[in-house]
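Positions in the sequence shown are counted from 1; adding 37 to them yields the working numbering.
Here a beta-carbon is modelled for each residue, glycine too, at the ideal position from N, C-alpha and C.
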Amino acid sequence: MKKFGLLLLYEIVFCGCGVCQQELTKDDVYYAKEITVYGVDFSNAVIIHESEEHIAMLENDYYFTINNLFFLQKFNDLKKVMKNKLKGNEEFTQERNKNLEKKYTIYDLSIIQKIISEYNTPEKEGIGLVFIVKSLDKPNKKVELFPTFFNIETKQVIWTFKVEGRGGKYGLEIYWSEKMVNAIDNFIEAYSSEFSYE
Numbered sequence: 038m039k040k041f042g043l044l045l046l047y048e049i050v051f052c053g054c055g056v057c058q059q060e061l062t063k064d065d066v067y068y069a070k071e072i073t074v075y076g077v078d079f080s081n082a083v084i085i086h087e088s089e090e091h092i093a094m095l096e097n098d099y100y101f102t103i104n105n106l107f108f109l110q111k112f113n114d115l116k117k118v119m120k121n122k123l124k125g126n127e128e129f130t131q132e133r134n135k136n137l138e139k140k141y142t143i144y145d146l147s148i149i150q151k152i153i154s155e156y157n158t159p160e161k162e163g164i165g166l167v168f169i170v171k172s173l174d175k176p177n178k179k180v181e182l183f184p185t186f187f188n189i190e191t192k193q194v195i196w197t198f199k200v201e202g203r204g205g206k207y208g209l210e211i212y213w214s215e216k217m218v219n220a221i222d223n224f225i226e227a228y229s230s231e232f233s234y235e
């Protein structure tokens, strides 16, 4: 019993000094005073059944414009729904989208953690939100992405889940950008439903 008591006291003191950090939860996301929104990360996205020409256009031009569209159209919608003070850092994902590593195939949530673990954001603390794209799926006429909240300091994923986006008219940029907007709208709906108790 003495050993157990000493160990417990050691852990309390050790953590109390700030050496260890408690994992953040969805409630921490909701009550956070500030969240940094990084936009849309295409760096591991898979494009399914598009022509080589269209893939090149998406990767070289339209990823930039779609991410820019997110900040122009959807950032204010996020501000209305999320009670936090949001700030944007578009440059971080724009830089990642210039250098498409395609290092991971996103087949489960553990891959999302691997991607976040490699982030080197200019912010060193707080909570971040990024939209990690899994695929642009032309046969099924949809995009799949993972809205992901994470601890900027520890690079631990706090909360992530998959959403899909559909819709879109003809024209390569509009076809995919409208699906992306629909996916963000579905995230906003899911977020509102999760915290509907307030």
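Assumed close pair residue i, residue j - CB separation to whole angstroms, cut-off 8 Å
| i | j | result |
| --- | --- | --- |
| K171 | F183 | 7 Å |
| Y100 | N134 | 4 Å |
Inter-residue spacing [alpha-carbon to alpha-carbon] between residue i and residue j
| i | j | result |
| --- | --- | --- |
| E96 | E132 | 12 Å |
| I149 | T73 | 18 Å |
| D98 | K175 | 18 Å |
| Q59 | W196 | 15 Å |
| M94 | S80 | 15 Å |
| K120 | Y68 | 8 Å |
| C88 | D65 | Reading off the sequence, residue 88 comes out as Ser, not Cys. Going by the C-alpha atoms only, they are around 43 Å apart. |
| F232 | F198 | 15 Å |
First through last residue of the beta strand (DSSP E) which encompasses residue i
| i | result |
| --- | --- |
| F198 | Unbroken run through F198: none, as it is neither H nor E. |
| I72 | E71 to D78 |
Boundaries of the alpha helix (DSSP H) in which residue i is found, first to last residue
| i | result |
| --- | --- |
| I211 | L209 to E231 |
| L106 | Y100 to L106 |
| E60 | Run containing E60: none; DSSP gives neither H nor E here. |
**OP:** Enumerate, from N- to C-terminal direction, the unbroken alpha helix (DSSP H) stretches of 4 or more residues contained entirely within the region 113–164.
**Re:** 127–135 and 146–154
Original post:
Quick one: any contact between the region 159–169 and the region 123–137, if contact means 3 or more CB pairs under 8 Å?
Top reply: yes
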